[in-house]
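Notes follow the structure.
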Amino acid sequence: WNLRKGGSPILVQHESRVWYAAVNPDSTHMASIDGGGLNKTGQMKITPMRGEGESVVVNTTLGSVLAWSSDGQRILVGQANGGGAVYGADGQGPLVRLPKASGAVRHVAFSPKGKFAVISGGKYARLWPADFSGEPRKLTHRHPVVYSDFNHDDSLVATASHGGEVKVWSTGGASEPIVF
37 WNLRKGGSPI LVQHESRVWY AAVNPDSTHM ASIDGGGLNK TGQMKITPMR
87 GEGESVVVNT TLGSVLAWSS DGQRILVGQA NGGGAVYGAD GQGPLVRLPK
137 ASGAVRHVAF SPKGKFAVIS GGKYARLWPA DFSGEPRKLT HRHPVVYSDF
187 NHDDSLVATA SHGGEVKVWS TGGASEPIVF
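Residue numbers (our numbering): 37 to 216.
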């Protein structure tokens, strides 16, 4: 399927409510995730966008959001139970399991240059190096953090909370954020 040239779109069917979908950086695959049914085991489906081949189906635990890495090789999944996991673009994994935090994960993102990843949920976002080594840096708010994203060169990350706060943090150190 080619959006610019027309044709039939790719249909990906899930058995329960789909929470999130994203296209990889080179537009060859789409990943979608559902929250699961009564058994709470959801599915992530990685689907070729050119209509060639079947979806790869990965069972996930309470998956709610996902993001592709900038190189298209990994998928970061945020979970409704506060945890997270990293999968290969081919569905292998989880390659890394991330510890649970307080509150459901509301948003995840890899930085454009591939240096960092951020997971937002509870009253903070967790900023990790992209290899998920060590402890994450906690970017704290007074209310649940619902969104976070990076600038073009990975030097800043913005976080937004339900309480109306937006903070911009330096990714390079523990400096105080700019609060809007």
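Glycine included, C-beta positions come from ideal geometry on N, C-alpha and C.
Buried versus exposed, by CB contacts within 10 Å (16 or more), Arg-178: In the sequence shown, the residue the question calls residue 178 occupies position 142. Looking at its Cβ environment, which holds fewer than 16 other Cβ atoms inside 10 Å, Arg-178 is exposed.
Opening and closing residue of the beta strand (DSSP E) in which Gln-115 lies: In the sequence shown, the residue the question calls residue 115 occupies position 79. Start and end: 110 to 115.
For Asn-117 and Leu-52, the rounded distance between their alpha carbons: Position 16 of the sequence shown, counted from the first residue, corresponds to residue 52. Position 81 of the sequence shown, counted from the first residue, corresponds to residue 117. In the sequence as displayed, the identity of residue 52 is Ser instead of Leu. When rounded, the distance between both Cα atoms is 18 Å.
Beta bridge counterpart(s) of Met-80 as assigned by DSSP: Within the sequence shown, numbered from 1, the residue matching residue 80 stands at position 44. For Met-80, which the question treats as bridged, DSSP gives the partners Ile-69 and Val-94.
Completely contained alpha helix (DSSP H) runs for the segment 131 to 171, where each covers 4 or more residues: Counting whole runs of 4 or more residues, the segment 131 to 171 contains no alpha helix (DSSP H) stretch at all.
Reference Ile-111, options Pro-165, Ala-196 and Ala-58, closest by Cα: Mapped onto the sequence shown, residue 111 falls at position 75. Taking only the C-alpha atoms, the option nearest Ile-111 is Ala-58.
Reduced DSSP secondary structure (H/G/I, E/B, other) of Gly-185: Translated into the one-based positions of the sequence shown, residue 185 becomes position 149. According to the sequence shown, residue 185 is Asp rather than Gly. Here Asp-185 sits in strand by DSSP.
For Ser-100, the first and last residue of its enclosing beta strand (DSSP E): Locating residue 100 in the sequence shown gives position 64, where the first residue counts as 1. Per DSSP, the continuous beta strand (DSSP E) segment holding Ser-100 begins and ends at 99 to 104.
Within 8 Å, strictly: CB atoms of Thr-83 and Asn-95: The sequence position of residue 83 within the sequence shown is 47, counting from 1. The sequence position of residue 95 within the sequence shown is 59, counting from 1. Against a cut-off of 8 Å, the Cβ pair of Asn-95 and Thr-83 comes out as no contact.
Gly-208, DSSP secondary structure in three states: One-based indexing of the sequence shown puts residue 208 at position 172. Looking at Gly-208 - three-state DSSP - the assignment turns out to be coil, as it is neither helix nor strand.
Enclosing beta strand (DSSP E) for Ser-197 [first to last residue]: Start at 1 with the first residue of the sequence shown, and residue 197 comes out as number 161. Per DSSP, Ser-197 belongs to the beta strand (DSSP E) from 192 to 197.
Residues that DSSP places opposite Val-202 in a beta bridge: The residue given as residue 202 occupies position 166 in the sequence shown. Val-202 is bridged to Ala-196.
Assigned secondary structure, Trp-37 (DSSP; H/G/I helix, E/B strand, else coil): Indexing the sequence shown from 1 puts residue 37 at position 1. Any reading at Trp-37 is ruled out, since the residue's pLDDT is 46, under 50, leaving its predicted position unreliable.
Contacts around His-198, its chain only, beta-carbon distance under 7 Å, and the 5 residues preceding and following it disregarded: The residue you call residue 198 lines up with position 162 of the sequence shown. When the five nearest sequence neighbours on each side are left out, the beta carbons in the same chain lying within less than 7 Å of the beta carbon of His-198 are those of His-179, Pro-180 and Val-182, in order along the chain.
Residue span of the beta strand (DSSP E) that contains Thr-64, given as start and end: The residue labelled residue 64 in the question sits at position 28 within the sequence shown. Per DSSP, Thr-64 belongs to no beta strand (DSSP E) and is neither H nor E.
Coarse secondary structure for Ala-121, derived from DSSP in three states: Position 85 of the sequence shown, counting from 1, holds the residue named residue 121. DSSP places Ala-121 in strand when its eight states are reduced to three.
Through-space distance from His-65 to Pro-213, alpha-carbon basis: Against the sequence shown, residue 213 aligns to sequence position 177. Against the sequence shown, residue 65 aligns to sequence position 29. Straight-line Cα distance between these residues: approximately 36 Å.
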